[in-house]
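Okay, structure first, notes after.
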Amino acid sequence: MSGSNLRNVFAALSSLWLSTTALAATQLTELYEPVPMPPGFQVVVSELEGPVFADAKGHTLYQWPVKPLRNGAVGERKGQPTCDHTRYKVNSGLMSPYPPGLELPEVETRPSCLDVWPAVTAEEDAKPIGKWTIIERKDGIRQWAYDGYALYTSVLDEQPGDVNGGTLRKTGGDGPGTRKPVGPPPMVPPQFEILPLLSGRMLVTSEGNSVYASAKDSLGKSNCHGACARAWKPIAAPAYAKDRGDFTIIEREPGIRQWAFRHQPLYTRVADEFFHSQRGSDEPGWSNVYTQRAPEPPSDFTVQDTYSGIVLADSRGKTVYVYNCGDDALDQLACDHPDSPQAYRLTVCGGGDPKRCLETFPYVLATENAKSTSRLWSVMYIDPMTGKIAQPQQPGALRVWAFRKRPVYTMWRDRGPGELHGDSWGEFYGYRNGYKAFWLRDDYDNNAE
Amino acid sequence: MIDFRSLPKVALAALALPLLTTAASPTVEQANKAAAVPEDWAPPGGRIGYVLWDEYWGIRETEGGKEECPNGWNIGPREQFAILYPDNGKKRKLVDTQLAYESQVWFPDTRPDGFEYHEATGKYALGIDLDGKHSPEDFISDDGRTGIDNQLFRVVGCVRNYRKEGELGIITTKWRQQNRFNRVVFELSNVDSLKNDPDVTVSYFRTLDHLLADSTGHFLPGGSQRIDTRFGKRFHVSTKGRIVNGVLETDPVDLELPELALSDPSIIKFKGMKLRLTLTPEKAEGVLGGYADVEQWYYAMNTSWATHHASYGQASAPSIYRALRRLADGYPDPKTGENTAISAAMDIKLVQVYVIHPETESLMSSR
Chain A
3 MSGSNLRNVF AALSSLWLST TALAATQLTE LYEPVPMPPG FQVVVSELEG PVFADAKGHT
63 LYQWPVKPLR NGAVGERKGQ PTCDHTRYKV NSGLMSPYPP GLELPEVETR PSCLDVWPAV
123 TAEEDAKPIG KWTIIERKDG IRQWAYDGYA LYTSVLDEQP GDVNGGTLRK TGGDGPGTRK
183 PVGPPPMVPP QFEILPLLSG RMLVTSEGNS VYASAKDSLG KSNCHGACAR AWKPIAAPAY
243 AKDRGDFTII EREPGIRQWA FRHQPLYTRV ADEFFHSQRG SDEPGWSNVY TQRAPEPPSD
303 FTVQDTYSGI VLADSRGKTV YVYNCGDDAL DQLACDHPDS PQAYRLTVCG GGDPKRCLET
363 FPYVLATENA KSTSRLWSVM YIDPMTGKIA QPQQPGALRV WAFRKRPVYT MWRDRGPGEL
423 HGDSWGEFYG YRNGYKAFWL RDDYDNNAE
Chain B
35 MIDFRSLPKV ALAALALPLL TTAASPTVEQ ANKAAAVPED WAPPGGRIGY VLWDEYWGIR
95 ETEGGKEECP NGWNIGPREQ FAILYPDNGK KRKLVDTQLA YESQVWFPDT RPDGFEYHEA
155 TGKYALGIDL DGKHSPEDFI SDDGRTGIDN QLFRVVGCVR NYRKEGELGI ITTKWRQQNR
215 FNRVVFELSN VDSLKNDPDV TVSYFRTLDH LLADSTGHFL PGGSQRIDTR FGKRFHVSTK
275 GRIVNGVLET DPVDLELPEL ALSDPSIIKF KGMKLRLTLT PEKAEGVLGG YADVEQWYYA
335 MNTSWATHHA SYGQASAPSI YRALRRLADG YPDPKTGENT AISAAMDIKL VQVYVIHPET
395 ESLMSSR
């Protein structure tokens, strides 16, 4: 089966993606609990990360939670912002085995933390409300905080709903200390949680079991009884539970109450062997439940099975990779974006040789008329000899696909669909300076999370 | 009524067994009878499966490496870095140091790096005669078999990470046991006697289930393993074999061994893989030998062991790569003549399981 056919079949059956039109329909975006906010702030429902706080211009707000690294911790504790105007010149030695004190790449132009993570400042007359408080920083800046943690915006975000500075998804145990977007609590009952994935925001129970819905059910009515209900356990709603947002309660039989999401009765799968499973979606008529699906990738892409799960692939079926990078200075600035130093990427894709990188991890080229239908995916021009953003008319510039404003790649050893030779390539398993496959589902490990 | 949600997943799999087992699977009575090991016992239906739960790269170790590593152990990334870039007050750039070293990890070459590399030596090694030839570099097994091909022993025998004391030795077994990506079984069919049978079929599958263990963590025979018919299809291979005095030997077959480590789903690719296993109705133990694809083995090593973790066991990737290429002894590239694979052996342990074959393929997304 060709990749495109497989993709169509898979999309039709498992509905990994959500069309942009559907995304725009507000009822299919995630609902959130209303929280008191200071004047000038808002909630924007982003395409991948769901509802996030934003400033008056729509810029997403981020926090920098503490993360332990190999030789120490980075990030911020409550009421103690560390992101400042310091321009770090050398690495910190927090990532073994390499020592501290080594001069960082492009040190002359290296920005400070506050240059790329502007603090969200509070006006003189601003007043705390709810979980929103104001921190008086040592440098004199009055900075907004949420739940005690200082708030920042990202210079990578341009429009409302952009969340290019960070993600709620896992970034690897040995990945850099990344920033996380912050938003209001999701409007889900306490029995449920939301798992952020590249395919969308998947609903799981608070114990970690995946939540499923059946195409054989009617809206507000379960048709799963007997043997079906023994294999697919209806998620019971406690007697005290009430309808809330997209969650309603149906009565399966007198006194037996079952949760429904958007009127679809909800179940767990007894045969699921592990948490966050998507195996139930292989069963005819059953699918995982998402509070919000990610926008569909551009038509240049396909979806392929590998020996560990499902990945995004290019039009030929070759696995697509994202590049991850964070430097080892105390402010842990990202180096995964074309505007950041490319020395890291050029090391792991070509031993420092950009020409070799074009052979080993080539960019996924965008066709001449290719357009994205979402903010998540975009087409950008890259100077292949520097790896940095180029002007469209620049000689030799490549027109490439980018996800969250970062180019995506294939790998030279992958000869066809399903091959996976570039996953975890680079420092610390591809999380700190290297490549990870664009995982949509992993039945054997946690790569998709 | 049993509350399925209150049971651990392992228990659920065990409960499901009676529902899923094919007609060829034995009854409890048969299983108990099998435990008695009659002289010429044959498995029910001529079929018996074994699931892999323990593996070590085949290194014949003597105390302190006296025999095989008379020149001592190899040094690792941390020691090499300190020699290359001594802490003498000189200002250095990350590009010229850390990234230069990582360049060598990901794009190694075969030029001498200035570090002496200690290959394992001696007459004896674990393994199998893979090529039917007796070459000067071959070893002798402890049970007197000659022509043993295991050049990987020379490569990693004096790298502490690969010895039983090393982190890899401890953790690889843990991964093999705990990570579902790594679950594989060998199933013997057409078996008339587990003692002597000149013609058996040996099939290899990736499977889906946990290992069956007792309360002390020992793995027990009698578990079940469902074949992974979706993402594991590529792993399925079959070959022929023969059992002589309770020892199975197989014909060569190309085989891929899933080897998920810290996060990367990697694979060891063996060409011309052969098994030599001592069989009982409850377990199988012995050697898996074959020619490991050098580039794939190196890639799997690096994506399983970051430079940080490799430093624990003093495993320098660039130095190991040079040794791999220097000692590779099989499957020459038709254009360059350079060997692309290296003979290797794994010391493996397996426990009996019932292999559950799907009667029909019904996954919608696999159609």
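Chains as they are written, first to last, in the working numbering: chain A, 3 to 451; chain B, 35 to 401. Glycine included, each C-beta is placed from N, C-alpha and C at the ideal position. Only a predicted model underlies this, so the values are computations on that prediction, with no experimental measurement involved.
| Asked | Found |
| --- | --- |
| Curious, which full-length beta strand (DSSP E) runs of at least 3 residues does the region 64-125 of chain A contain? | 69-71, 74-76 |
| Exposed or buried, which one is A:Lys59 when buried takes at least 16 other CB atoms within 10 Å? | exposed |
| Given that a residue counts as buried once 16 or more other Cβ atoms are within 10 Å of its Cβ, and exposed if not, what is A:Tyr242? | exposed |
| On the CB-based measure, 16 or more other CB atoms within 10 Å of its CB, does A:Arg79 come out buried or exposed? | exposed |
| B:Val278: buried (16+ other C-beta within 10 angstroms of its C-beta) or exposed? | exposed |
| Please compile the residues from chain B whose C-beta is within a distance smaller than 7 angstroms of the C-beta of A:His423. | Tyr333 |
| From this set, A:Gly103, A:Thr293, A:Asn166, A:Gly257, which residue's C-alpha is nearest A:Ile196's C-alpha? | A:Thr293 |
| To be precise: take each residue of the region 64-86 of chain A, compare its Cβ to all Cβ atoms of chain B, and keep it if any distance is under 9 angstroms. Which residues remain? | Arg72 |
| What do you get for A:Ala368, buried or exposed, if any count of 16 or more other CB atoms within 10 angstroms of its CB means buried? | buried |
| Judging by CA-CA distance, which residue of A:Ser380, A:Gly420, A:Gly398 is the nearest neighbour of A:Lys408? | A small fix is needed here, since residue 408 of chain A is Arg in this sequence, not Lys. The candidate whose alpha carbon is nearest that of A:Arg408 is A:Ser380. |
| Considering only residues of the region 185-226 of chain B, which uninterrupted beta strand (DSSP E) runs meet the minimum length of 3 residues and lie entirely inside it, listed in chain order? | 218-223 |
| Check whether chain A comes within 9 angstroms of B:Tyr365, counting only Cβ atoms and requiring the distance to be less than that. | no |
| Which of the three DSSP states, helix, strand or coil, is assigned to B:Phe115? | helix |
| Taking only the alpha-carbon atoms, compute the straight-line gap between A:Pro38 and A:Ile131 and give it to the nearest angstrom. | 7 angstroms |
| Considering only residues of the region 180-232 of chain A, which uninterrupted beta strand (DSSP E) runs meet the minimum length of 3 residues and lie entirely inside it, listed in chain order? | 194-199, 202-207, 214-216 |
| Return the residue from the list A:Glu370, A:Phe405, A:Gly319 that minimises the CA-CA distance to A:Glu298. | A:Phe405 |
| Under 9 angstroms, Cβ to Cβ, is there at least one residue of chain A near B:Asn122? | no |
| Return the CA-CA distance between B:Gly98 and B:Val190, expressed in angstroms with no decimal places. | 15 angstroms |
| In whole angstroms, what is the alpha-carbon distance linking A:Ser301 and A:Tyr411? | 16 angstroms |
| Go ahead and pull the three-state DSSP assignment for B:Pro78. | helix |
| Give a single yes or no on whether A:Glu421 has its beta carbon closer than 8 angstroms to a heavy atom of the ligand COA. | The ligand content of the structure shown is nil, which means the ligand COA is not present either. |
| Mind checking whether B:Ala159 and B:Gly200 have CB atoms under 9 angstroms apart? | no |
| Less than 7 angstroms between C-beta atoms, sequence neighbours within five positions excluded: which residues of the same chain meet that for A:Ala273? | Ala233 |
| Please report the straight-line C-alpha distance between A:Asn449 and A:Phe277, rounded to a whole angstrom. | 13 angstroms |
| Looking at C-beta atoms only, is the number of pairs between the region 435-446 of chain A and the region 347-363 of chain A that lie closer than 8 angstroms three or more? | yes |
| For the structure I just gave you, are there three or more beta carbon pairs, one from the region 263-277 of chain B and one from the region 174-191 of chain B, closer than 8 angstroms? | no |
| Compare the C-beta of A:Val350 against all C-beta atoms of chain B and say whether one is closer than 9 angstroms. | yes |
| May I ask which residues mark the beginning and end of the alpha helix (DSSP H) holding A:Trp414? | First-last for A:Trp414: undefined, no H or E at that position. |
| Does A:Gly418 pass the burial test, meaning 16 or more other C-beta atoms within 10 Å, or should it be called exposed? | exposed |
| So, is the C-beta of B:Lys100 closer than 9 angstroms to a C-beta in chain A? | no |
| Helix, strand or coil for A:Ala450 per DSSP? | coil |
| If we ignore side chains and look at the alpha-carbon of each, how far apart do B:Leu309 and B:Tyr90 end up? | 15 angstroms |
| Only counting the same chain, and skipping five residues up and downstream in sequence, which positions put a Cβ closer than 6 angstroms to that of B:Met335? | none |
| Measure the C-alpha to C-alpha separation of A:Phe363 and B:Asn373 and round it to an integer number of angstroms. | 26 angstroms |
| Between the beta-carbon of A:Phe249 and the beta-carbon of A:Met189, is there less than 9 angstroms? | yes |
| Just to confirm the assignment, what range does the beta strand (DSSP E) spanning B:Met380 have? | 373-390 |
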